[in-house]
Amino acid sequence: MAKKKAAASAGQGNALVIVESPAKAKTIGKYLGAGFTVEASVGHVRDLPQGAAQIPAKYKGEKWASLGVNVDKDFEPIYVVSPGKSKQIKLLKDQLKKADTLYLATDEDREGEAISWHLLELLQPKVPVHRLVFHEITKEAIQEAIKTPRDVDDGMVRAQETRRILDRLYGYEVSPLLWRKVRPKLSAGRVQSVAVRMIVDRERERMAFVSATWWDLLGVFAKKGDAKQQLETTIVSVDGRKLPNGSNFDQNTGKLKNDALLLLDGPAAEQLAERLRTGEFRVASVEEKPYTTKPYAPFTTSTLQQEANRKLGFTARRTMQVAQALYENGHITYMRTDSTNLSKMAVEEARNLVKSEYGDKFLPAEPRTYSSKVKNAQEAHEAIRPAGTPFAVPSVLKSQLGSDEFKIFDLVWKRTIASQMENSQGRRIVVTIEGEGCVFTVSGKTIDFPGYLRAYVEGSDDPDAELADQEKTLPSVTVGEGLDCVSIVAKDHTTQAPGRYSEAALTKALEEKGIGRPSTYASIIDTILARNYVFKKGGALVPTWVAFSVIKLLEDHLTGLVDYQFTAQMEDDLDAISRGERNSLDYLKNFYFGNGKPGLKQQLANKVEEIDARAISRISLGKADDGVEVFVRVGRYSPFVEKGEQTASLPDELPPDEVKLPYALELLAQAEKAEEPLGTCPETGKPVYLKVGRFGPYIMRGTPEDEEKPKNASLLKGMNPDDVDFETALKLLSLPRVVGDHPKLEGTIEAFNGRYGPYVKCGSETRSLPADISPLDVTLEQAIELLNQPKQRGRGAAKPPLRVFEEKSPVTEGVVQIMDGRYGPYVTDGESNASLPKGQSPEELPFNEALNLLAARAAAGGSKKKKSAKKKTTKKAATKKKSTTKKSTTKKKTAKGATKRATKKAD
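Using UniProt numbering, read the sequence shown as starting at 1 and increasing by one per residue.
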């Protein structure tokens, strides 16, 4: 074996190296050269079956078959080849036949270790096998890994398999309960359900929050004889009584916690300000305290996601996709890590750059070391940093990287360098001013030595600008010095409800509680958004009423499954399994069957009969003046407000904290009013109503009880429902209306209020109406003028590619191009389509990232082009037997059905 390894290393023989992605394969191939063939598995090659169609025939009759795990026989998993991977596996087997050594170079975390194990199970190699582990994809790192291979780590594989089975049991056993009691197509998950609970809990705090208002005074004082040297102060006490600030009020009552504080109202504050404007003031004290701040530790997965969200507005998914591309192309080290440690080489390189880029005074005498509370053994043992030596300078790489890649690399580079720089030093100054029995204060800050701030300031894109913002210089004053009063104004303040979680804040909170792995947070956030548990408002994550109902069910009936401590302990247990400190089978038995406490199976027993779906779907808003309780009800299709027999639709994506009792009563009153018609249509004799539905107000002619379906008409953009009278309602119902005949097109012009806005149409010609022209009164002359203008490219017209890459797909050998789709730009290789991350510029998407997007999409088994599939089937029908063609068609239908069913399942 040693001879074969040496031969391969010297470029003789033929060694097969398997990695996960084509981009990674391409980069590693450059460093290995002759004697090595580098291929990609394109992600996972095996997994538990997704849906009934993927379950092998011999297991279909088993009662546990739908789980894909034999819970009656030591939790043996059923592994099947992942959809779309057969072709790639055949390629790997063919290449293995030519090889005399196999190297498994998948990522060095639990998922990567599991991929290597699954490859061994599928390929059954008869040649020596080595596991390659490296933290960065550089020539030196790859060559060192070749010299020091190891075996596949069984502990890490068992931990990954346990995690996968655990998530399957949780998801597949609990999700059907949600379908029955809340709404179809929902999902439950070990981490996602807890994340949703955290978001719902924060919204509950906001709903319970009672705001409070207090007043204070803002005083501007100046040095005598020099009006330019001013101090902008805030009053803190009057006649020895302190004034409150926001923290002094109870969030649930809005009342002051300490009655000893002086609570001013508006008139009292104005009266006090008026009195003080003519008073005399002097400097009572000047306190100056030195301070020191230390640099931030290098990035971990979690802190990179948080900082990219704060500084760049990147989602966790976008950050991880960009970081993956940077890693696979050899620009940064492995991006899935909990460690803040840097290798000795990296520390030396960072210190060299500090000296050359910033000077000796910014370099501490000794290297800085950082420690993190990392218990797990499966993650990388170094922080995220620039790869290789010497570190590439961002300005040099800018022309080689896409826009997103450069931003993330620049972030990583600066954070790494700053971590080895001197502390920032400065002084905090507090000036106290007294007069007329009142005390005012103002704080300032002076930075004497910026230290690491010269390279990196957390939460800012521009270190120099932020550095200036951090300094607040005050005029030089002395104790006892008299001051002129420039102005004193009364200012009101209102307490604010607790802020919602942003992606960065949720990531930080999950990590602090020890829930899940930072490397999985991106997919968790994607899942809760996709399942309609959460929507985004600005950068905040807002829970839906469906989320409230689901969390209510889990808290009331499956408490332990969404308990924060219980979920965090699960992660510790998985880490213990990876280290060989816990037995995976015992752990699964305890979780599913119980051990002194009820396991998942017993907890779920009889829940379908026990749980009252109506009770779960109702969230109380309080009682009206008549004593009747008002609820938000989670309906099958949308939420609505309910009071006794009265109901009213709730607008979609209205944040729950905005649905308070007065607003709900107003909606109910509007709904009751909507039961009274605006009038009777003179043409049909049917009543005309102004209704409010889940998508907003609309006009309805007729009733649902009529034989003929009622006609609905949306209000025009900008219309206020209160301004819609009977005449306007009839005009809206008249759409589309005939405007007149076009003299050249020889057709009738009609005006429409379409889904994407108002427009006019004549035959096949359409033109959007400008904002200042309504379809209700557009004139024939205006319509003709619009139709005579050149047509803008329409939604139905064939659009040219936004971009065509020079290189072809290494998997399909098809042209890789970016198209402009209905829902945004997407990349395609002729067989798979993958949407670009939100905010990603098509012009700046690197080729390797395009391949990664396609690989992920193909691994998920989705977005195959129908046209090419039909062409392939037709060709088979012309050359093969009828029975063969029929079999192929049946398989396609089955696969399609499996894909649909798979969306209903949740891991």
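Yeah, the Cβ is synthetic: ideal placement off N, Cα and C, and Gly gets one too.
DSSP places residue 291 in the uninterrupted beta strand (DSSP E) bounded by 281-293.
About 30 Å separates the beta carbons of residue 162 and residue 298, which is beyond the 8 Å limit, so they are not a contact pair. For residue 835, no alpha helix (DSSP H) encloses it; the enclosing beta strand (DSSP E) starts and ends at 833-835. The residue among 87, 165, 154 and 199 with its C-alpha nearest the C-alpha of residue 541 is 199. Cβ atoms of residue 431 and residue 283 come within 8 Å of each other, at about 6 Å.
Distance from the CA of residue 50 to the CA of residue 30, rounded to the nearest whole angstrom, comes to 37 Å. Cα atoms of residue 210 and residue 246: separation of roughly 12 Å, rounded to the nearest angstrom. Partner residues in a beta bridge of residue 645, as assigned by DSSP, do not exist. Residue range 726-734 is occupied by the alpha helix (DSSP H) that includes residue 728. Rounded to the nearest whole angstrom, the CA to CA distance from residue 844 to residue 500 is 32 Å.
In this structure, the straight-line span from the alpha carbon of residue 572 to that of residue 586 is close to 15 Å. Residue pairing by DSSP places residue 639 opposite 634 in a beta bridge.
Assignment of residue 207 by DSSP, reduced to helix, strand and coil, places it in the helix class. Residue 782 and residue 766 have their C-alpha atoms spaced approximately 13 Å apart.
Residue 700 carries a strand assignment under DSSP once its states are collapsed to helix, strand and coil.
Considering only 823, 281, 734 and 185, the residue with the shortest C-alpha distance to residue 438 is 281. A straight-line Cα-Cα distance of about 12 Å links residue 827 and residue 858.
Judged by beta-carbon spacing, residue 531 lies beyond the 7 Å limit of residue 175, meaning their Cβ atoms are not closer than that value.
Comparing alpha carbon positions, the residue from 558, 309, 510 and 673 closest to residue 504 is 309. For residue 176, the uninterrupted alpha helix (DSSP H) segment begins and ends at 154-181. Excluding sequence positions up to five before and after residue 372, its CB lies within less than 8 Å of the CB of 297, 300, 338, 339, 340 and 341, all in the same chain and listed in chain order. Under a 10 Å Cβ-count criterion, residue 369 is classified as exposed, with fewer than 16 other Cβ atoms of the shown protein chains found around its own Cβ. In chain order, 608 place their CB closer than 7 Å to the CB of residue 180, counting only its own chain and leaving out the 5 sequence neighbours on each side.
In the three-state reduction of the DSSP assignment, residue 422 falls in the coil class. The C-beta of residue 393 has fewer than 16 other C-beta atoms within 10 Å across all chains shown, which makes the residue exposed. With respect to residue 398, residue 406 sits close: the two C-beta atoms are nearer than 7 Å. In the three-state reduction of the DSSP assignment, residue 746 falls in the coil class, being assigned neither a helical nor a strand state.
Residue 788 sits exposed, since fewer than 16 C-beta atoms from the chains shown fall within 10 Å of its C-beta. At the C-beta level, residue 320 and residue 362 stay beyond 7 Å of one another. An exposed status is given to residue 400, since fewer than 16 other beta-carbon atoms sit within 10 Å of its beta-carbon.
In the pairwise beta carbon analysis, the segment 122-142 is classified as touching the segment 381-396: at least three pairs are separated by under 8 Å.
In this structure residue 688 is in contact with residue 730, their Cβ atoms being roughly 7 Å apart against a cut-off of 8 Å.
Residue 244 carries a coil assignment under DSSP once its states are collapsed to helix, strand and coil.
The C-alpha of residue 232 is placed about 38 Å away from the C-alpha of residue 536.
For residue 215, the enclosing beta strand (DSSP E) has its first and last residue at 213-223. At least 7 Å separates the beta-carbon of residue 158 from that of residue 519.
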